[in-house]
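Numbering (UniProt numbering), first residue to last: 1 to 184. Positions of the beta carbon are idealized from the N, C-alpha and C atoms, including for glycine.
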Amino acid sequence: MPVNSRYAKLPLTLLALAVLAGCDASSSGGGSKSPPGYPDVQATAAGTPVCYQTDPDQNHAAAQATSAARRAHGLPAVRPDPALAKAAADHACDMAARGLMSHVGSTTKGPMQRAKAQGYVPHLTAENIAAGPFSQQRVLNEWSASSGHMANITIPQVRDVGIGRALAADGRTVFWAAVYGAPR
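Below you can see the structure in the form of structure tokens.
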């Protein structure tokens, strides 16, 4: 049976778009907006997702990978933060429900607002997002290989990180969000 080439290339397209569209930084001066030239990406159809809360081991692994990338640039390690993990998991769930990769949530403007809603008191936040059939390790590797994502990972003031994921209704597309924070 021939494979429809449009759908066969979809995971690679989503990864490329995740690398391009998945960066956002917010300062304490206000909300958040998608970077110019990086539009939202409709990765899959909207539907009821499977939403996961980040377990401490998963968040610790994200902090270790982020810290390794930061140390390679002469920056200090980050700590896993449960409030940022909750903000990231909730945003991943929201994106999966909409099938849409976006830094703007259905009820939130960006990572700063989501972090504050979880009780984190940030000076600044940054966020990386992705969508596709990807494991956490692959997403972390892709973000480390992307200059736009590394710009968020290597913000000198960042001290905390949280990661989250959700499975879209199609059962294949995993939405990822990582929130990086610098506390006040």
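Residue nearest to residue i in terms of C-alpha spacing, selected from the options
i, options, result
"Asp57", "Trp143, His123, Gln137, Pro76", "Gln137"
"Phe134", "Asn152, Thr154, Gly105, Gly171", "Gly171"
"residue 186", "Gly132, Leu140, Gly164", "A query on residue 186 cannot be resolved here, the shown segment of the chain reaching from 1 to 184 and no further."
"Asn141", "Val41, Gln64, Lys109", "Gln64"
"Pro39", "Gln53, Ser144, Ile129", "Ile129"
"Gln42", "Asp90, Ala62, Asn59, Met95", "Met95"
"Ala89", "Val139, Ser147, Ala145, Gln53", "Gln53"
Cβ of residue i within 7 angstroms of any chain C Cβ
i, result
"Asn59", "Judged by its chain identifiers, the structure shown contains no chain C, having just a single protein chain."
Neighbourhood of residue i by C-beta, 7 angstroms cutoff - its chain only, sequence neighbours within 5 removed
i, result
"Val50", "Ala166, Leu167"
"Thr66", "Val78, Ile153, Val161"
Cutoff 8 angstroms; reference residue i; Cβ partners in own chain excluding five residues on either side
i, result
"Thr48", "Ala97, Ala169"
"Tyr120", "Asp81, Ala83, Leu84, Ala87, Asp160, Gly181, Pro183"
"Ser28", "Bear in mind that a pLDDT of 38 at Ser28, under 50, signals an unreliable position, so the number given afterwards is only what the model happens to contain. Counting only Cβ-Cβ distances below 8 angstroms, and skipping sequence neighbours, we find Met112, Pro122, His123, Leu124, Arg184."
Where residue i sits in the DSSP three-state scheme
i, result
"His60", "helix"
"Gly148", "helix"
"residue 209", "The displayed coordinates of the chain run from 1 to 184. Any statement about residue 209 would go beyond what the structure contains."
"Asp55", "coil"
"Ala166", "strand"
"Asp94", "helix"
6 angstroms Cβ shell around residue i - same chain, five flanking residues per side excluded
i, result
"Ala126", "Ala25, Asn152, Ile155, Tyr180"
"Lys33", "The predicted position of Lys33 is uncertain, since its pLDDT is 45 and thus under 50; a value taken from the coordinates is nonetheless stated next. If we look at Lys33 and ignore the five residues flanking it on each side, it has no Cβ neighbours."
"Trp143", "Asn128, His149"
"Thr108", "Arg114"
So does the segment 56 to 76 actually touch the segment 115 to 132, counting three or more Cβ pairs closer than 8 angstroms?
Segments in contact, no.
With contact counted as at least three CB pairs below 8 angstroms, one residue from each stretch, are the segment 92 to 105 and the segment 171 to 181 in contact?
Yes, the segment 92 to 105 touches the segment 171 to 181.
If we count Cβ pairs, one from each stretch, closer than 8 angstroms, do we get three or more for the segment 147 to 162 versus the segment 75 to 93?
Contact between the segment 147 to 162 and the segment 75 to 93 is present: 3 or more CB-CB pairs across the two stretches fall below 8 angstroms.
Complete runs of the alpha helix (DSSP H) confined to the segment 109 to 154 [at least 4 residues]
Fully enclosed alpha helix (DSSP H) runs of no fewer than 4 residues occupy 111 to 117, 136 to 144, 147 to 153 of the segment 109 to 154, in order along the chain.
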